[in-house]
Amino acid sequence: MSTSNIPPSVKGAIDADPWLTPFANELAKRRQLADDWLQKFEQTEGGLVKFADSYKDYGFQVDSKTGNVNYKEWAPNAKEAFLVGDFNNWSTEGSNRYQLTKDEYGVFNITLPKGTIPHDSRIKILLVLPSGEWIYRLPAWITRATQPPKESKEVAFEARFWNPEHKYEFKNKRPIPGESLRIYEAHIGISTPEPKIGSYKEFTQNILPKIKELGYNTVQLMAIMEHAYYASFGYQVTNFFAISSRFGTPEDLKELIDTAHGLGIVVLLDVVHSHASKNVDDGLNNFDGTEYQYFHSGGKGSHPLWDSRLFNYGKYEVLRFLLSNLKFYLDVYKFDGFRFDGVTSMLYLHHGVGAGGAFSGDYNEYLHENSAVDYEAITYLMLANDLINLVAKEEGTNFISIAEDVSGMPTLGTPRSAGGVGFDYRLAMALPDMWIKILKEQKDEDWDINKIVHTLTNRRYTEKAIGYCESHDQALVGDKTLAFWLMDAEMYTNMSTLSPLTPVIDRGLSLHKIIRLLTHSLGGEGYLNFEGNEFGHPEWLDFPNANNGDSYHYARRQFNLPGDDLLRYKFLYKFDAAMQHLESKYGWLHKKDTYISLKNESDQVLVYEKAGLLFIFNLNPTQSFTDYRVGVETGGVYRIVLNSDDSQYGGHGRVDNEASRFFTTDLAWNNRKNFLQVYIPSRTVLVLGLENTIN
Ligand SMILES: *[C@@H]1O[C@H](CO)[C@@H](O)[C@H](O)[C@H]1NC(C)=O
Ligand SMILES: *[C@@H]1O[C@H](CO)[C@@H](O)[C@H](O)[C@H]1NC(C)=O
Ligand SMILES: *[C@@H]1O[C@H](CO)[C@@H](O)[C@H](O)[C@H]1NC(C)=O
Ligand SMILES: CC(=O)N[C@H]1CO[C@H](CO)[C@@H](O)[C@@H]1O
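Per full-length UniProt numbering, the very first residue in the sequence shown carries number 1; after that it's consecutive.
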């Protein structure tokens, strides 16, 4: 295709990456599908934002003037519908009969006078099917669902009418996300050292200050959307508009987010729109008695591995439900963006499973007109990103959207206006796999610096990525965290500072720091850490379930460990804090000026400049180098700004930071204008900065 034939709607994407040129028409076709929906929403709803305001219309709405309550539900297959609950003795008889009226679109509603339903009381919708059968469901847009008490016969979650007298009032303005995202991934329930379910309030009091102290500017919360099965880690959502009641009330979560905002921390929701729990009694499955109301029917409507239901993104009312769900979390809870779970499963008809799930990077796999792309799902993701940007504009900020995509689809992170899907970031999912493979298979002296650097930097620079060495995935039972790969059983016996430093712990501490800083400084335009891994958490995660006797022993994070002065976890924790704060000062995540001047395989030394800093890694397990010559572009006097061998980080203190000043010599070295000479101990990273930038 000649450049003159490129459709203007995708010109931006193709200017940024000319290899996309053969796929220009296909990209334009995809963009058009989403643009057509936008036009339709304009005509029928007054625009996308108004459409997504449907959460103010559907479900239960309390009129602020009259106190009357309207309840609205889409259930096209039902003939009749009744509201039942504690308030009317679950009856449809006499004065307790609350029948909804149905309109031509299959939408039912009823208005009840003020005070009819008490706050927090239990309710259900009773649907009468064409067959005459009665089915009871939790309202699809319900904002609260709770687990029945142990002594109750009920097992399914119960919907509640949440209308407290005192609603939480937000006090703080949203912080505007910075250019460098330093993300702390967390799960409320496990964020306590005690073997129990942690609460929103405990997280607010105990964990937010730690996140702030560590220097993260973003917290990403998983398992917020209500999920009846705790051990699903939040990934089998039953009630999309309800926040998990296991951890507290909606007002408690608002307080958490408001408090984070007060600390300058933005809050992302791990949103699960890629699939839904197959629960009928307390979920969305078979809601109106058909399997195809919200989901595809037949095999297309079930995930081949996850045992869950798959949405029909081509349906108007499903788009209303999901898009409103996003706006609900932005408006009501004041989340600042989303990490979209399971994007690969959405993007392809094969869901990334089986042979189709093996991607080589060939553009045809993603962009050929015969590729296995699910057009309806990709259109939904485009609309979701449009919505997020429109709401951000109204709020005077910019929200964040991150795609969990392992396939590496080009243009996923390209703006919609340029012809992409519009995510801000994708997760760099190849990086944790690389580290595990190295730790599993290679001796330290065989680490291939070229390959490591290649994997860390091999990404589409026109699209941003979040780099990470490990996320919640590696912490789960059956998998292993970096700390485990490195130190294993000795974490239980040799972490006391009173016991001698063994070779295993020495190596583990050193490499844990090095791996994190390498990934942080080269692996993405953002960085993510899963809670606890900043100090090498010594336990895996296993939620209470039938196989472990419903134990909470491994469903916790031992935040007490880094605070124990007699344990070595504090060293890893302090290094993490130093690394985050240094990034915050120099901003290497969002700078694009990386220059790698040395990859010396025989010495195992790696040197690069970025954001005005000089990173010098010596990965050599045994050899330290004196007067090692290192190239650097900008001449001047350098000092050490971070040294992983510092004794405060559990190192050997072989370099005297204070006494070290490095004067450059203006002779070219490794393609840099100047050089300086350093003493670089084994298994150490030194970061140098120009003296006049330090204070
Ligand atoms: C519900 O049933 C109880 C006991 O049968 C009765 O006392 C109460 O008045 C009933 N309430 C309503 C709203 O019908
Ligand atoms: C409730 O349904 C009736 C009948 O379809 C309709 O006239 C009315 O506008 C609806 N009320 C609300 C609040 O949507
Ligand atoms: C690596 O270092 C060794 C010894 O210092 C040197 O002989 C070799 O030339 C270096 N290789 C590169 C690529 O700089
Ligand atoms: C002091 C101490 O507990 N040392 C232990 C370190 O780990 C090794 C191997 O697990 C044990 O044999 C030591 O007793």
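No residue lacks a Cβ here, since even glycine has one placed at the ideal position from N, Cα and C.
DSSP places Glu251 in the uninterrupted alpha helix (DSSP H) bounded by 250–262. Scanning its chain for C-beta atoms nearer than 6 Å, with the 5 sequence neighbours on each side dropped, one finds around Lys79 the residues Val128, Pro130, in chain order. Straight across, the Cα-Cα distance linking Glu445 with Leu221 is about 38 Å. When the five nearest sequence neighbours on each side are left out, the beta carbons in the same chain lying within less than 8 Å of the beta carbon of Ser91 are those of Val84, Arg97, in order along the chain. The Cβ-Cβ distance between Met409 and Tyr380 does not fall below 8 Å.
Between Gly631 and Arg672 a beta carbon distance of about 3 Å is seen, short of the 8 Å cut, so the two are scored as contacting. With the criterion CB distance below 6 Å from any heavy atom of ligand 4, the matching residues run Ala489, Glu490, Thr493, Asn494, Ser499, Thr502 along the chain. For Thr665, the three-state secondary structure derived from DSSP is strand.
In its chain, beyond the 5 residues on either side, Arg320, Ser324 have a beta carbon closer than 7 Å to the beta carbon of Ser54.
Residue state for Gly59 is assigned as strand, using DSSP reduced to three classes.
Contact between the segment 545–554 and the segment 497–517 is absent: fewer than three C-beta pairs spanning the two stretches fall below 8 Å. In the three-state reduction of the DSSP assignment, Ile680 falls in the strand class, which pools E and B. Boundaries of the alpha helix (DSSP H) around Asn450: 449–457. When rounded, the separation of the alpha-carbon atoms in Asn370 and Glu376 is 15 Å. Assignment of Lys334 by DSSP, reduced to helix, strand and coil, places it in the coil class. Residue pairing of Ser302 in beta bridges, as defined by DSSP: Arg309. Here Lys599 carries a strand assignment [DSSP, helix/strand/coil].
If you check the CB distance, Val318 and Phe311 come in under 8 Å. According to the DSSP assignment, Thr218 belongs to the beta strand (DSSP E) that extends over 218–222.
Checking the 7 Å criterion, the Cβ of Asn96 is within range of a heavy atom belonging to ligand 1. Closest in alpha carbon position to Gly636, among Thr455, Thr693, Val237, Asp341, is Thr693.
At least one heavy atom of ligand 3 sits closer than 7 Å to the Cβ of Asp603. Around the beta carbon of Val155, a 10 Å sphere encloses fewer than 16 other beta carbons of the protein chains shown; the residue is thus reported as exposed. Asn172 has its Cβ no nearer than 7 Å to any heavy atom of ligand 1.
In the DSSP assignment, Gly508 falls within the alpha helix (DSSP H) that extends over 503–522. Contact check for Asp282 and Ala228: beta-carbon distance about 5 Å, within the 8 Å limit, so the pair qualifies. Here Tyr649 is near Lys513, since their CB atoms are less than 8 Å apart.
Non-local C-beta neighbours of Phe662 in its own chain, meaning closer than 8 Å and more than five positions away in sequence, comprise Val637, Tyr638, Arg639, Leu676, Gln677, Val678, Leu688, ordered along the chain. The alpha-carbon separation between Glu104 and Asn77 amounts to approximately 12 Å.
Distance from the CA of Phe170 to the CA of Glu213, rounded to the nearest whole angstrom, comes to 23 Å. Between Phe108 and Glu202, the alpha-carbon positions lie close to 40 Å from each other. Along the segment 409–478, the beta strand (DSSP E) occurs as fully enclosed runs of 3 or more residues at 425–427, 464–467, listed in sequence order. Neighbourhood of ligand 2, defined by CB distance below 5 Å to any of its heavy atoms: Asn70, Thr101, Asp103, Asn109, in chain order.
In its own chain, leaving out the 5 sequence neighbours on each side, no residue places its CB closer than 7 Å to the CB of Pro18. About 11 Å separates the Cβ atoms of Leu572 and Leu511, ruling out a contact at the 8 Å cut-off.
Contact between the segment 47–64 and the segment 399–407 is absent: fewer than 3 CB-CB pairs across the two stretches fall below 8 Å.
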